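Working notes for the structure below.
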Amino acid sequence: MDPRLQRRVQRYGWDKAAPVYEQHWQAQLLPAQRCLLARANLQPGQRVIDVAAGTGLVSFPAADAVGPAGAVVATDISEAMVAHVRTEAARLGLAQVSAARMDAESLDVPDGAFDAALCALGLMYFPDPVAALREMCRVVRPGGTVVAAVWGARNRCGWAEIFPIVDARVQSEVCPMFFQLGTGPALEVAMREAGLVEVGTDRLSTTLEYDSPDGACGAAFAGGPVALAYSRFDARTRDEAHAEYLASIEPWRHGNQYAVPGEFVVASGTRPRA
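Here you go:
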């Protein structure tokens, strides 16, 4: 896939998803985000960059950790996500949080400007995730920390059929290698290839819980990575896609509710000191 096209799909897709993203994903992603922040071990006064920050679900806890003497720069390719972070930072009175639209593979910040770089569930969407990890390594100081979380192996994510279901109806080109980084030691290997050392990994089993079929479909279609493709569906196509997706997660239905298995992989590494 043309990297420029993939970035465009990501930019406008997440613009579409931004208004409902937290409604559908805030609780679901919390285990991965907590593990990522624990590995980052942020301290008061530190400077942090949050790459592919989305609505700031990691940026704001990071801001609490570094306090008013620290700084958190939230970056995302989606202008709607960046605008949300700015608005929420102002509402919360967090002057230490700023936000900017940036390409993760070409961060517009100086070398060694941060103590830590975070990327929670964004690497799967980048055309070249190793290039993005190199950028995160570049922008932290020697001895600084890079922490990333990705979705795990495809066969451990019960919602994975969303991609072929959408692609059968419109070519989405969302993330053709979505589960690659979550397979085996792939994320750890990518971090080492990017120049990081002292790499460690956690693999977390999780459950995505939805109170209704509408909630499960809202998260999968409107609030996630296929939002741009989904926006092109007419009513009949949406109904058909919803029915097919609900059939794919039927094994995890309990009455009107769903408890769909998932997996996260969280890894951290250090920029070499010399």
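Residue numbers for the sequence shown follow my numbering, beginning at 966 and rising by one. Idealized CB from N, CA, C, for every residue including glycine. The structure presented is a predicted model; accordingly, all values stated were derived computationally and were not measured.
Check, Outcome
"Range covered by the alpha helix (DSSP H) that runs through Trp-1217", "First-last for Trp-1217: undefined, no H or E at that position."
"Residues of its chain near Phe-1091, where Cβ-Cβ distance is below 7 Å and the 5 sequence neighbours each way are ignored", "Ala-1069, Glu-1070 and Ala-1097"
"Exposure of Asp-1076, with buried meaning 16 or more beta-carbon neighbours within 10 Å", "exposed"
"Own chain, CB closer than 6 Å to Gly-1032, minus 5 neighbours either side, in chain order", "Pro-1009"
"Proximity of Val-1112 and Ala-1036 at Cβ, strictly below 7 Å", "no"
"C-alpha distance - Ala-1055 paired with Ala-1081, whole-angstrom precision", "23 Å"
"Nearest to Tyr-1175 (by Cα), restricted to the options Leu-1169, Glu-1215 and Ala-1194", "Glu-1215"
"Whole runs of the beta strand (DSSP E) within the segment 1133-1212, excluding any shorter than 3 residues", "1162-1175"
"Reference Ala-1078, options His-1049, Met-1067, Arg-1012 and Asp-1041, closest by Cα", "Arg-1012"
"Beta-carbon separation (whole angstroms), Lys-981 vs Ser-1196, contact threshold 8 Å", "5 Å"
"Per-residue burial, His-1049 [other beta carbons within 10 Å of its own, 16 or more giving buried]", "buried"
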